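> Structure incoming, see below.
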Amino acid sequence: MAVSGVGAAAVAETLIVGTNAAFADPILTAAAEAKKAGLDVKVIEYTDPVSPNTALASGEIDANYFQHGYFLDTVKQARNLYIVPFADGIVNKTGLYSKKHKSLDALPDGARVALAGDPVNFGRGLRLLEKAGLIELKPEADLRATTADIAANPKNLKIIEVDFHQLPLSLDEVDLAHGYTHFLLASGVIDPASALFWEPESETRGYGIKFVIRPEGRDNPRIAEFVKIYQTSPAVRKVLDDQYGDLYFRLWEKD
């Protein structure tokens, strides 16, 4: 776990926000802008998807920003954490990528396909394969669909579960992978704009990144102020645009 800080106020007067490498730069920029407005913010960058939530629940940090609502719900249930979404952030586009083939039609019979291994994102990957016309899911399949929910697999795809953060590297080994543009940008393994098939925006928007807090944080004006800075600061907007180009949506601007 790496730590970056803005401000030297006492801990009680400092807002502490957890994030990860994929979302750190805009959060750090927001922290710098907050400092100009008199709000001290310390940013802690985590390297795993569990610690930001357990640290929040235990009171070590005041908010985190790295996860979508479906993932949050899964972690809350699994670990009995009393934390809640507070505000919308961005959502990055996702799609199907290949370093071996130039189109989905070129996928061979028995092609190996890498999807994120956690239940929520695995189900998302299966639905993306269905949207792309590569498989069919049973009508009753939900957000946590598994391979048991596959009704038709005409190309006999071999679906492989891969750690979420390792999906970019899996492109060297598999025929096709579900790629998340923010991780692809960080990895540099493939052009994030080169997806063979994009997840429909209507689906993508449901996976927006949330600012997450403890329930009592709803009454903390420092959290509200920091979120407002993130959402409205021209400096943060520039970092987001420079980092993601047209590969993201600002959900607070969506109806």
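Quick note on the numbering used here: the sequence shown kicks off at 1038 and runs consecutively. Think of the CB as a built atom: it goes at the ideal place given N, C-alpha and C, for glycine as much as any other residue. Just so it is clear, the structure is predicted and the values come from calculations on it, not from any experiment.
1. Given this structure, state the Cα-to-Cα distance separating residue 1182 from residue 1209, to the nearest angstrom.
2. Hey, how far is the Cα of residue 1228 from the Cα of residue 1138?
3. According to DSSP, is residue 1225 helix, strand or coil?
4. Below 8 Å between beta carbons: does that hold for residue 1242 and residue 1128?
5. Taking all protein chains shown into account, do 16 or more other C-beta atoms lie within 10 angstroms of the C-beta of residue 1074, making it buried, or fewer, making it exposed?
6. Can you list the alpha helix (DSSP H) stretches of 4 or more residues lying completely in the region 1157 to 1219, in chain order?
7. Buried or exposed: where does residue 1147 fall if 16 or more other Cβ atoms within 10 Å of its Cβ makes it buried?
8. Compute the distance between the beta-carbons of residue 1215 and residue 1144, then report whether it is under 8 Å.
9. Consult DSSP for residue 1041 and reduce its assignment to one of helix, strand or coil.
10. Measure the C-alpha to C-alpha separation of residue 1003 and residue 1255 and round it to an integer number of angstroms.
11. Contact between the region 1103 to 1120 and the region 1271 to 1279 is defined here as three or more beta-carbon pairs at a separation below 8 Å; is this criterion met?
12. Once you ignore the five residues that flank residue 1154 on each side, which residues in its own chain have a CB closer than 8 Å to its CB?
13. At which residues does the beta strand (DSSP E) containing residue 1070 begin and terminate?
14. I'd like to check one pair, residue 1063 with residue 1285: are the Cβ atoms closer than 8 Å?
By the coordinates alone:
1. Rounded to the nearest angstrom, the two C-alpha atoms are 26 Å apart.
2. Their Cα atoms are separated by approximately 14 Å.
3. The DSSP-derived three-state label of residue 1225 is coil.
4. It is a contact, given that the beta carbons lie within the stated cut-off.
5. Label assigned to residue 1074: exposed.
6. With a minimum length of 4 residues, the continuous alpha helix (DSSP H) runs that stay inside the region 1157 to 1219 are 1204 to 1207.
7. Burial call: exposed.
8. Contact check for residue 1215 against residue 1144 fails: the beta carbons are separated by 8 Å or more.
9. Note that residue 1041 has pLDDT 45, beneath the 50 cutoff, so the model's placement of it is unreliable and the number below is only indicative. Note: residue 1041 maps to strand in three-state DSSP.
10. Only positions 1038 to 1292 of the chain appear in this structure, which leaves residue 1003 out of reach.
11. Under the 8 Å Cβ criterion, the region 1103 to 1120 does not count as touching the region 1271 to 1279, having fewer than three qualifying pairs.
12. Only 1198, 1199, 1200 and 1201 meet the Cβ criterion.
13. Taken as a continuous stretch (DSSP letters only), residue 1070 belongs to no beta strand (DSSP E), being part of the alpha helix (DSSP H) at 1061 to 1073.
14. With contacts defined as CB atoms closer than 8 Å, residue 1285 and residue 1063 fail to qualify as a contacting pair.
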